[in-house]
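Peer 1: Numbering (our numbering), first residue to last: 428 to 588. Sharing a structure here in structure tokens format.
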Amino acid sequence: MAAERKTKLSKNLLRMKFMQRGLDSETKKQLEEQEKKIISEEHWYLDLPELKEKESFIIEEQSFMLCEDLLYGRMSFRGFNPEVEKLMLQMNAKNKAEEDEEDETVELDVSDEEMARRYETLVGTIGKKFAKKRDRAKYEEDENGNIKPMKVKKMFLKPQD
428 MAAERKTKLS KNLLRMKFMQ RGLDSETKKQ LEEQEKKIIS EEHWYLDLPE
478 LKEKESFIIE EQSFMLCEDL LYGRMSFRGF NPEVEKLMLQ MNAKNKAEED
528 EEDETVELDV SDEEMARRYE TLVGTIGKKF AKKRDRAKYE EDENGNIKPM
578 KVKKMFLKPQ D
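Here's what the structure looks like:
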């Protein structure tokens, strides 16, 4: 089987100049025909279906209510664009005024008196936490767990001249 089949040189090798000198007329014709096929117009034609335009998808709304609560489109932060930040403040001022009204209507969870009592105990606790070791003894806890500063021992004061 291998003996029946004759080995041939590749097309690229046969196209080289030094190989074309010794080629016979039949192989030259075959090479020319193959080159013509490669260059022919049919080779460059794309067989693709025609492109169809995409249908535009438009939704029509009867009301502009959806656009009323939108924020101003251009945004700037941390002074990057001061002009845009001024515009943002003007356009979003309406929304902030409405939010402030809502905040006022919200009920307080902790009354003012309760907050004052909690703050008093907090001052002592935080003060004791950050006090130096020798100053920590100046604070004492009462029966409710509240921390209060101890009474300062009276010491002799030097008379002023």
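All C-beta atoms in this analysis are idealised placements derived from N, C-alpha and C, irrespective of residue type, glycine included.
1. Are the beta-carbon atoms belonging to Leu440 and Leu450 less than 8 Å from one another?
2. If I measure Cβ to Cβ from Met518 and keep anything under 8 Å in the same chain, skipping five residues before and after, which residues do I get?
3. Specify, as a first and last residue, the run of the alpha helix (DSSP H) that Arg442 falls within.
4. Using three-state DSSP, classify Asn519 as helix, strand or coil.
5. How is Phe557 classed by DSSP in three states: helix, strand or coil?
6. Could you tell me whether the Cβ of Arg544 comes closer than 8 Å to any Cβ of chain D?
7. Taking 6 Å as the limit between beta carbons, can you name the residues of its chain near Ser503, skipping five residues before and five after?
8. Can you tell me where the alpha helix (DSSP H) holding Ile465 begins and where it ends?
Peer 2: Put simply:
1. no
2. Taking C-beta separations shorter than 8 Å and ignoring five residues to either side along the sequence, the partners of Met518 in its chain run Leu498 and Tyr499, following chain order.
3. Lys438 to Arg442
4. helix
5. Helix, per DSSP.
6. The structure shown has no chain D; it contains just one protein chain.
7. Taken in chain order, the residues that qualify are Val511 and Glu512.
8. Ser452 to Ile466 is the extent of the alpha helix (DSSP H) around Ile465.
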